[in-house]
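Here the structure is laid out as structure tokens; the discussion comes afterwards.
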Amino acid sequence: MLRLSLVAGFLLASVCACGGTKPVSFARAGAPGGPSSRIEARSLSDRPPLALLERQGDPESAIAFASLASARSDVHAAFGEVLGQRLTRAGFQTQLVAHGLGFELMILAEGAERGGAAMKALLGALSQPIAPAELSAMAGPAAERVAPSPLSQCSAELSNQRRVTDASELERERIATFAQDRSALAVVGDAATTAAVADALSEGPDWPERGAVPSLLPSQGGTQVVRGDRPTLSVGLTLRDTNGALGAAEELGGPESALGVRLAALGGGFKLRRVVATAHPGGACLRLDSEVDASPLPEARRLGFAVQAMTEEAELALARAPRVNRLEATALSATDPRVAARAAAYSALVAPHAEAAEVRLLALTTPDPAPLAQSIEGAAEQARAETPPLEATVRLEAGQPGVWALLASPCAAASERGDVAGHSAVLFAAASATALTSGVKLEPWVGAQGAGILGFTERAAGESDAGAAARLGDALGRAALAPPSALAVASARAELAGGTSPEARPLLDALLESLAAGHTGALAPRGTANSLQSATREAVLLRQRELLRAPHRLAILSTTNAADASQLTRAVSRWLRSPDAPRSSPCSTEVGAPSRSELSLARGVASSEGSYVAFRIPARAGAEAGVLAELLSGPAGPLARALAEPDLVGAARASVLGTSSARALIVQIAAFEGRENEALARVQQLFERLSSDGVLAAGEVDAALGRLRAARRTAALDPRYRLVQLLDPSVAAPVDAAAIRRLAASLRPQVAIVARARPR
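So the sequence shown is numbered by the working numbering: it starts at 8 and just counts up by one.
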């Protein structure tokens with residue numbers, strides 16, 4: 008469950024159920040640049056900076072004291088506890104948030120008088136020396152100090168929460184804390200309260216300058232492998248831009264995060280657990296943690312791809328993050344005055360322009376024998392250098408309303424057996440339905456050349472053409488990689504089943520298996536009534552994993568130039584990165600010749616199907632076969648003439664099934680009871696005459712070819728048709744009468760498969 012909360016350096020996006028402060032709503036985007044007109048930044052001589060935020064309606068005002076640790080964060084946190092206890096004994100309700108950079112102490116006060124008193128009590132508590140008796144009231148057992156790791160320093164984790172037993176140690180920390188250049192204050196309340204707090208601070212003692220605290224941001228990158236019970240892969244980036252880091256965390260840890268999808272698709276049990284952005288006084292840290300739920304631990308190559316995905320997504324999120332002052336925005340949007348005061352106070356400690364070194368930190372926690380850190384780093388660099396094979400074809404169409412693209416898995420159905428035929432079609436239909444649109448329209452595509460996802464988008468206001476192309480590519484890639492929901496799979500299955508015969512057709516299923524043994528999907532890419540019933544979510548996800556490892560092709564209709572189209576290609580490629588070895592193309596699969604010449608099923612099983620006469624035809628002869636099937640099935644065509652005797656058949660029609668991997672011309676005959684054999688014989692005799700070129704009249708063939716050309720011209724008005732042409736230009740190749748007659752001549756009864764229902 009994703010949540011957003013204020014912690015340590017503010018604005019944590021996390022998927023863990025671990026401890027921390029109470030979750031609050033994320034900040035609204037504030038105005039870029041300097042202080043907000045609603046927050047007054049007041050500078051007093053020899054005092055820490057004071058932020059005043061006036062607002063009405065809160066039953067109590069809030070004062071926040073933000074303090075940076077000068078040396079050891081555990082000792083500083085212990086002093087924060089003492090400070091909170093002193094104010095509690097003075098009658099004020101307090102809240103302490105300690106972290107690796109220091110602490111923030113919030114105080115509630117009702118009314119102006121109590122607000123001024125609270126500030127005076129805080130100043131008194133800071134000025135009072137530490138008494139040994141105060142140490143006994145502190146929580147936590149005494150423990151050995153453990154040096155924090157570079158990654159925990161980056162994310163400002165308070166790794167050492169121990170009880171301090173030396174009063175002089177806390178006294179030194181108290182003195183170091185009472186410094187105007189290591190502290191900041193804020194008050195949230197009505198005008199009278201903010202004025203009273205400011206007056207109390209002005210009337211109080213002077214605060215010395217003690218020098219800026221040293222930065223905890225690591226200046227050198229590296230990889231650390233440690234033993235631990237909970238396998239975790241962590242990536243930390245040190246950054247100069249605090250607001251960019253906080254904005255990136257919001258995107259990376261949000262419910263629409265691309266990172267979670269990419270990590271899960273890598274296999275190896277990767278699951279995004281939390282994303283943390285920490286604002287340091289002189290820079291920022293962006294940390295990403297992924298669970299590794301696998302035993303044994305994934306190999307170094309897979310770990311490297313996970314590191315690369317985490318790094319790449321972080322870089323993209325940083326580039327997209329709006330440059331707004333997010334700490335001020337949090338102060339303005341927080342409903343709890345303590346949260347608002349805390350954000351306003353801490354904001355004063357953060358430098359607007361830092362000079363921090365930007366490095367990457369890697370950490371792997373594992374209970375297994377630790378692999379070499381260098382092997383993970385090397386694998387990550389190799390993963391960054393590798394690009395998935397993606398053949399892209401671009402056609403420029405200036406002036407069109409938007410960009411079209413088709414991400415295709417060529418010959419996707421060619422390897423589908425009879426029991427899983429149509430699973431690819433279900434997958435892409437479900438993926439298109441569950442995809443996040445972002446102004447992109449997606450739809451499934453199943454055609455002769457394969458299956459995939461088709462997308463379209465128009466350029467948004469103020470958006471560049473390259474930006475629109477990248478957004479479309481991002482939507483296509485996510486749809487291909489993200490696992491579709493169970494509801495989407497069920498809906499897609501039902502929709503595809505509605506496009507097939509509503510009843511099972513076991514005789515046709517057996518015929519398709521005979522025509523293309525082990526490759527029924529090559530003839531029925533949308534599946535059959537029986538095969539679609541097996542398309543459960545688990546089966547569809549298995550098909551998704553198989554197709555993701557197979558080659559992909561990308562067809563693009565660009566309105567501008569090839570450079571913009573390349574943005575789309577790069578966006579898609581990012582989603583297809585995988586450590587797994589690629590599979591060979593299903594297009595290389597050879598669909599064997601028909602295995603038998605005749606088959607039959609008991610009439611009770613295939614009572615309503617009728618009979619079939621079928622031929623395997625060349626896969627490239629789809630257009631010719633379509634014209635021939637139209638000629639055969641016309642109202643006064645050869646089939647109608649051959650079966651014209653009364654009470655012989657109720658209907659007969661020819662159709663073409665298949666893809667670029669295999670095709671078949673099938674004649675279905677619904678004969679009256681007792682006359683099935685006679686009808687089959689007449690159809691076989693018809694094909695005998697067809698092979699001798701004595702049936703098709705020249706005028707009929709020319710008319711059919713004219714209709715084909717007209718249909719193609721009409722179809723080409725749709726960009727979808729032109730996209731498919733990019734995948735296979737032969738789909739629009741001219742068809743002539745000679746080719747149709749050659750195909751007809753090859754359909755001899757001796758090569759036909761006859762399927763019939765036999766009496767019980």
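Positions of the beta carbon are idealized from the N, C-alpha and C atoms, including for glycine.
None of the values given here were measured: they were computed from a predicted structure.
Check, Outcome
"Segment contact, 8 Å Cβ cut-off, at least three pairs: the segment 207-214 with the segment 347-363", "no"
"Straight-line gap, residue 31 to residue 246 (C-alpha atoms, nearest Å)", "Interpretation of residue 31 is limited by its pLDDT of 29, a score under 50 that renders its predicted location unreliable; the figure taken from the coordinates is listed afterwards. Rounded to whole angstroms, residue 31 to residue 246 spans 25 Å at the Cα level."
"Paired residues, beta bridge with residue 60 - DSSP", "46, 195"
"Near the ligand PLP: residue 555 beta-carbon under 6 Å from a heavy atom", "In the structure on display, the ligand PLP does not appear, and there are no ligands present to speak of."
"Within 7 Å, strictly: CB atoms of residue 128 and residue 97", "yes"
"Beta-carbon proximity of residue 415 to residue 552, cut-off 7 Å", "no"
"Uninterrupted alpha helix (DSSP H) stretches inside the segment 455-539 (no shorter than 4 residues)", "472-488, 493-505, 513-522, 527-530"
"Burial state of residue 510 (16 or more Cβ within 10 Å)", "exposed"
"Residue 136 in three-state terms, based on DSSP", "coil"
"Cα-Cα separation between residue 105 and residue 74, rounded to whole angstroms", "10 Å"
"Residues that residue 671 bridges to, as DSSP identifies them", "623, 664"
"Backbone CA spacing between residue 724 and residue 361 [nearest angstrom]", "56 Å"
"Distance, residue 82 Cα to residue 176 Cα", "8 Å"
"Own chain, CB closer than 7 Å to residue 439, minus 5 neighbours either side, in chain order", "449, 450, 451, 460, 486"
"Chain-order list of residues whose beta-carbon lies under 8 Å from that of residue 517 (same chain, five-residue window excluded)", "606, 608, 762"
"With 16 other Cβ atoms within 10 Å as the buried cut-off, status of residue 768", "With the chain covering 8 to 767 only, the question about residue 768 has no answer from this structure."
"Where the beta strand (DSSP E) containing residue 109 begins and where it ends", "109-116"
"Rounded straight-line distance, which links the Cα of residue 620 to that of residue 412", "39 Å"
"DSSP three-state assignment for residue 606, whether helix, strand or coil", "strand"
"Inter-residue spacing [alpha-carbon to alpha-carbon] between residue 667 and residue 529", "8 Å"
"Candidates 185, 476, 228, 87, of which the one nearest residue 171 by Cα", "87"
"Residue of 675, 463, 435, 420 minimising C-alpha distance to residue 457", "420"
"Closest Cα partner of residue 717 within the set 741, 736, 696", "741"
"Every unbroken beta strand (DSSP E) inside the segment 201-247 [3 residues or more]", "229-234, 239-246"
"Residue range of the unbroken beta strand (DSSP E) whose run includes residue 74", "68-75"
"Three or more C-beta pairs below 8 Å linking the segment 641-659 and the segment 688-698", "yes"
"Assigned exposure category for residue 752 - 16 Cβ within 10 Å defines buried", "exposed"
"Rounded Cβ spacing between residue 397 and residue 580 (contact assumed at less than 8 Å)", "5 Å"
"Pair within 7 Å by beta-carbon distance, residue 627 and residue 587", "no"
"Beta strand (DSSP E) segments (min. 3 residues) lying fully within the segment 327-411", "367-373, 397-403"
"Beta-carbon proximity of residue 636 to residue 602, cut-off 7 Å", "no"
"N- and C-terminal bounds of the alpha helix (DSSP H) containing residue 285", "Premise fails: residue 285 lies in the beta strand (DSSP E), 277-287, not in any alpha helix (DSSP H)."
"contact_flag[the segment 249-257, the segment 331-338] where n(CB pairs < 8 Å) is 3 or more", "yes"
"Residue 598, buried or exposed, once every other Cβ within 10 Å from all chains shown has been counted against 16", "buried"
"Three or more C-beta pairs below 8 Å linking the segment 256-264 and the segment 389-409", "no"
"Contact under 7 Å by Cβ, residue 522 with residue 623", "yes"
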